[in-house]
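As you go down the protein sequences, you meet chains G and D in turn. Numbering-wise (the numbering used here), the first sequence opens with residue 2 and increments by one. Numbering-wise (the numbering used here), the second sequence opens with residue 2 and increments by one. Glycine included, each C-beta is placed from N, C-alpha and C at the ideal position. Values in this document were obtained by computation on a predicted structure and should not be read as measured data. Below is one structure, written out as structure tokens; comments come after it.
Protein chains: 2
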Amino acid sequence: MSTVMRTPDASGADSASSGATAASRVFDALKQDLIRGRFAAGQKLAIGSLKTHYRVGLSPLREALNRLAAYGLLEQVNQRGFRVPALRLDELDDIADLRSQLECKALTQALQHGDAEWESQLLAAHHRLRRADERPQEMEECEQAHLRFHRTLLAPCGSPWLLRFIEQLHDQFDRYRRLAPPDLEVREVLDRQHGELVQLAMARRVSQARALLDEHIDLSHGVARGACSAP
Amino acid sequence: MSTVMRTPDASGADSASSGATAASRVFDALKQDLIRGRFAAGQKLAIGSLKTHYRVGLSPLREALNRLAAYGLLEQVNQRGFRVPALRLDELDDIADLRSQLECKALTQALQHGDAEWESQLLAAHHRLRRADERPQEMEECEQAHLRFHRTLLAPCGSPWLLRFIEQLHDQFDRYRRLAPPDLEVREVLDRQHGELVQLAMARRVSQARALLDEHIDLSHGVARGACSAP
DNA sequence: TATAATGAAAAAATCGATTTTATGGCAATG
DNA sequence: CATTGCCATAAAATCGATTTTTTCATTATA
């Protein structure tokens, strides 16, 4: 069962499944590693090393790099390869501002269209998130659960392009957030907000939910700013 | 002078210039042909024919196709190649709605940040647009001028990611609009609105300008709907 | 000393051929 | 008659080698 990819991985599922090509596998792996900050910001990628590191040939690797550049997780300069984008405070502010704008819109629409089935899924996603948060040593587990929770929250908004952009911004944002020093106090507030979001969403309290999501993103934004050095 | 490409062609300029690679050239050509509707919607692309048509080898061609899929102008299914996305009314509505939302936001910010230099550029862009419109036989000329006008209008908004998404949506929207039967009456109104937009922008009348841009997009939307058949 | 030219080494991009996977017709089976 | 299995064909994906372009240390020049 292969996945239609008008966008890199529109389904949100990892292409680790059966019919995955080498290109899509290395795309997923590279994407994760970029978001997790495994490459230094601003660094130039040595294609030769990537080839050996990810155990793929040149062609699928280059195809993956091209996708990532089009997606915005890499910069491509014409005869001089690929590099990791720098982390810039002004860009983070831009990303966070747009996230607020788009996710609040999506939330409004999701509260209008979401049905009973969605409510169950949202509760389930929140439950998984809490469980994962109880074992913070499993970082990737937590991150996955967190991503899925936010996806589930906005999923029924009815606008594929809106969701696409939100996903893209989320990936960009996470590059910053994951590199920032963690703030356990803020972290607790953020966790609490997840539960409150579920309550407000189920009760269809649009404006309150919007305000809370806005605050949620803004708090995260404050933490993520710690990833930036100079400008 | 090569261009940084965190996105396909972030500068808006054609990569026909000096340091262009085969991949970026065929990317530009394919992108234009897709937007111009030279391929039937839903059609599967025969990579072999593309190779001969665009006179490039397999590797650069595949890299271009991968970029286009990540950009959303192609669909990619894992072991069965690339196809042109179908034209769907609900998707067009989605695109138009988002365009309104994002472009109005950008317009507001542009009116706040735009300086005198920008005003000159806007006047110039509008002048070129009018001149191009006088020779409607030069369709591509008109389209280019039109695109540049809208780019210039929003350019100083100060948000690279917002501009990126707007550009992407604009390309998607144009796929529909260019295939729709032209409506000369509406066309005249749209042309008039361009001039009015310039006036309102220069006078920094934010809310009036927003309302007009919204109407502008909505009118275009009505025309573009003519490109859709069934759903 | 600063600047420009040079050329070897490294990296990016591309090509041609091979391998892998899907597709569609046809026979075999229930 | 519908369904399944099999093969030949076609297409997609990948590999290995070649070509092109950049990089950078070195030398020549003003």
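- [ ] Express the C-alpha separation of L185/D and D192/D in angstroms, rounding to a whole number.
- [x] On the second sequence, position 191 is the one that residue 192/D refers to. On the second sequence, position 184 is the one that residue 185/D refers to. Distance between the alpha carbons of D192/D and L185/D is about 10 Å.
Open item on the list: Within a Cβ cutoff of 7 Å, which residues of the same chain sit near V224/D, ignoring the five residues on either side of it in sequence?
Closed with: Numbered from 1 along the second sequence, position 223 holds the residue referred to as residue 224/D. Taken in chain order, the residues that qualify are R178, A181, D184, V187.
Open item on the list: Any C-beta of chain D within less than 8 Å: which residues of the region 88–106 of chain G qualify?
Closed with: E92, D95, I96, D98, L99, Q102, K106
Task: Residue nearest to E216/D in terms of C-alpha spacing, selected from Q102/D, F40/D, R26/D, V78/D - done: On the second sequence, position 215 is the one that residue 216/D refers to. Here the closest residue by C-alpha is Q102/D.
Task: Proximity test, Cβ basis, 8 Å: S25/D and chain G - done: Translated into the one-based positions of the second sequence, residue 25/D becomes position 24. Taking Cβ atoms only, chain G reaches closer than 8 Å to S25/D, which makes this a yes.
Task: Burial state of I48/G (16 or more Cβ within 10 Å) - done: Locating residue 48/G in the first sequence gives position 47, counting from the first residue. Result: exposed.
Open item on the list: Taking a contact to mean a Cβ-Cβ separation below 8 Å, would you say R68/D touches A71/G in this structure?
Closed with: Looking up residue 68/D in the second sequence gives position 67. Looking up residue 71/G in the first sequence gives position 70. Yes. Within cutoff.
Task: Buried/exposed call for S50/G, threshold 16 Cβ in 10 Å - done: Position 49 of the first sequence holds residue 50/G. Classification for S50/G: exposed.
TODO: For T22/G, decide whether its Cβ has a neighbour in chain D, counting only Cβ atoms nearer than 8 Å.
DONE: In the first sequence, counting from the first residue as 1, residue 22/G sits at position 21. So, interface residue.
Open item on the list: I need the DSSP call for A228/D, collapsed to helix, strand or coil.
Closed with: For the purposes of this step, residue 228/D is taken as residue 227 along the second sequence, with counting starting at 1. Correct three-state label for A228/D: helix.
Open item on the list: Quick test of your reading: S160/D and D219/G, contact by CB under 8 Å. State the CB separation rounded to the nearest angstrom.
Closed with: Taking the first residue of the second sequence as position 1, residue 160/D is located at position 159. Taking the first residue of the first sequence as position 1, residue 219/G is located at position 218. No, S160/D and D219/G are not in contact; Cβ-Cβ is about 17 Å, not under 8 Å.
Open item on the list: Against S60/G, what residues of chain D qualify as contacts under a CB-to-CB distance less than 7 Å, listed in chain order?
Closed with: Against the first sequence, residue 60/G aligns to sequence position 59. The answer, in chain order, is S60.
TODO: Would you identify the three-state DSSP class for V78/D, choosing helix, strand or coil?
DONE: The residue labelled residue 78/D in the question sits at position 77 within the second sequence. The answer is strand: DSSP assigns V78/D an E or B state.
TODO: Establish whether the CB of A225/D and some CB of chain G are separated by less than 8 Å.
DONE: In the second sequence, the residue the question calls residue 225/D occupies position 224. Chain G contact via Cβ: absent.
Task: Reference Q209/D; option with closest CA among C229/D, C105/D, E120/D, L148/D - done: On the second sequence, residue 209/D is found 208 positions in, with the first residue counted as 1. The residue with the shortest Cα to Cα distance from Q209/D is C105/D.
Open item on the list: Using the Cβ count rule (16 or more neighbours within 10 Å means buried), how would you classify P157/G?
Closed with: The residue labelled residue 157/G in the question sits at position 156 within the first sequence. Label assigned to P157/G: buried.
TODO: Pull up the CB-CB distance for R176/D and L35/D, whole angstroms please, since I reckon it's below 8 Å.
DONE: Position 175 of the second sequence, counted from the first residue, corresponds to residue 176/D. Position 34 of the second sequence, counted from the first residue, corresponds to residue 35/D. That pair is a contact at about 7 Å.
Task: Beta carbon of F166/G nearer than 8 Å to that of F166/D - done: Residue 166/G sits at position 165 when you count from the first residue of the first sequence. Residue 166/D sits at position 165 when you count from the first residue of the second sequence. Contact flag set, yes.
Task: chain G within 8 Å of F166/D, Cβ atoms only - done: Taking the second sequence and counting its residues from 1, the one referred to as residue 166/D is at position 165. Interface residue, yes.
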